[in-house]
Structures are given as C-alpha cells and as structure tokens.
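Written out below as structure tokens is the structure these notes cover.
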Amino acid sequence: MPSSTSSIQPMLYTVTQVARLTGFSRTKTYALVKGRRIPSIIVEGRIRVLRSALLAWITQHVQATEAARAGNCYEQRQARAK
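This is the structure we're talking about:
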C-alpha cells in the first residue's frame with residue numbers, strides 16, 4: 032500500500048515555494064505578495080500563501096486572459112467587417 036504522506040500537499044506556501052510553483056522570480060513574487068496582488072497571510076511573523084488562494088488567483092488570471100483574448104478576437108472581427 033502506498034504511503035499516504037507522499038500525496039499530502041501543504042496548505043500554506045512560503046513565498047519561495049510560490050515563486051517555484053508559478054515560475055516567477057522570488058523578487059517578483061515578493062512584490063506581488065506585498066502589493067496584495069497574490070493574497071497572503073502572516074503566521075508567526077512569516078508570510079504564507081494559502082494553496083486555495085493561490086489556485087483561485089491563478090484561475091482568476093486565466094479567466095481574465097481568456098476574456099481579453101475573446102474580446103480582442105471580437106474587436107478584430109469588428110474591425111475587419113468595417
């Protein structure tokens with residue numbers, strides 16, 4: 032039987048972990064967190080990002096990007112129609 036601990040995901044990430052997960056630099060990730068663009072909490076004086084908040088933030092940005100692309104496609108079709 033496989034070990035159950037190998038599939039446990041942390042509920043809180045450090046800024047360094049978020050940087051690795053997103054592919055952003057640590058400096059950029061700190062800027063996003065400090066600018067409150069990526070939601071975070073302070074636990075015992077340390078910045079932590081909830082896994083659920085990070086996933087929601089990513090989903091929000093994916094949806095915004097898709098909407099912008101859809102809007103651009105619509106605008107391009109309208110421009111071609113003129």
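Quick note: to get my numbering, add 31 to the position in the sequence shown (first position is 1).
Here a beta-carbon is modelled for each residue, glycine too, at the ideal position from N, C-alpha and C.
Just so you know, these numbers come straight off a predicted model, no measurement behind them.
For residue 79, which of helix, strand or coil comes out of DSSP? strand
Tell me residue 44's beta-bridge partners as DSSP assigns them. 80
Any idea what DSSP makes of residue 73, helix, strand or coil? strand
With a CB to CB cut of under 6 Å and the five nearest residues on each side skipped, what residues in its chain are close to residue 71? Excluding residues within five positions, the ones whose Cβ falls inside 6 Å are 64, 78 and 80.
Taking residue 87 as the reference, give the member of 50, 55 and 68 with the closest Cα. Considering only alpha carbons, the answer is 68.
Assign residue 50 to buried or exposed, taking buried as 16 or more other Cβ atoms, counted over all protein chains shown, within 10 Å of its Cβ. Note on residue 50: 16 or more other CB atoms within 10 angstroms of its CB, so buried under the neighbour-count rule.
Quick one: grab the DSSP three-state call for residue 56. coil
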